[in-house]
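For reference, the structure is listed below as structure tokens.
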Amino acid sequence: DKDVSVEAFVKFDIPRGEAIRYENVWRELQIGLSKLSPHGKLVIADGSDHEVYIDKPDVIISCLNELI
19 DKDVSVEAFV KFDIPRGEAI RYENVWRELQ IGLSKLSPHG KLVIADGSDH EVYIDKPDVI
79 ISCLNELI
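Going by this note's numbering, the sequence shown opens with residue 19, and the numbers climb by one from there.
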């Protein structure tokens, strides 16, 4: 989640504007990666940080169910 990541950067004394710019670039790169395959899909787990399996297990389960 972009907002969660920005807040994490701010806690480590990264200026908010710089953190927002970084997250915007990161998001664009992720979108590009998802388009490399015709089956690619970018899933955003709102409210989650790097530990999506802990923060939003329902998102993981939903994605796995789509694969099955």
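Where a beta carbon is used, it is the ideal one built from N, C-alpha and C, also for glycine.
The structure presented is a predicted model; accordingly, all values stated were derived computationally and were not measured.
{"Check": "Three-pair Cβ contact test at 8 Å for the segment 55–71 versus the segment 32–43", "Outcome": "no"}
{"Check": "Enclosing alpha helix (DSSP H) for Ala26 [first to last residue]", "Outcome": "Lys20 to Lys29"}
{"Check": "Contiguous alpha helix (DSSP H) assignments of at least 4 residues, all confined to the segment 56–86", "Outcome": "70–73 and 75–85"}
{"Check": "Whole-Å CB distance - Ser66 paired with Val22, under 8 Å assumed", "Outcome": "7 Å"}
{"Check": "Range covered by the alpha helix (DSSP H) that runs through Ile38", "Outcome": "Arg34 to Ser52"}
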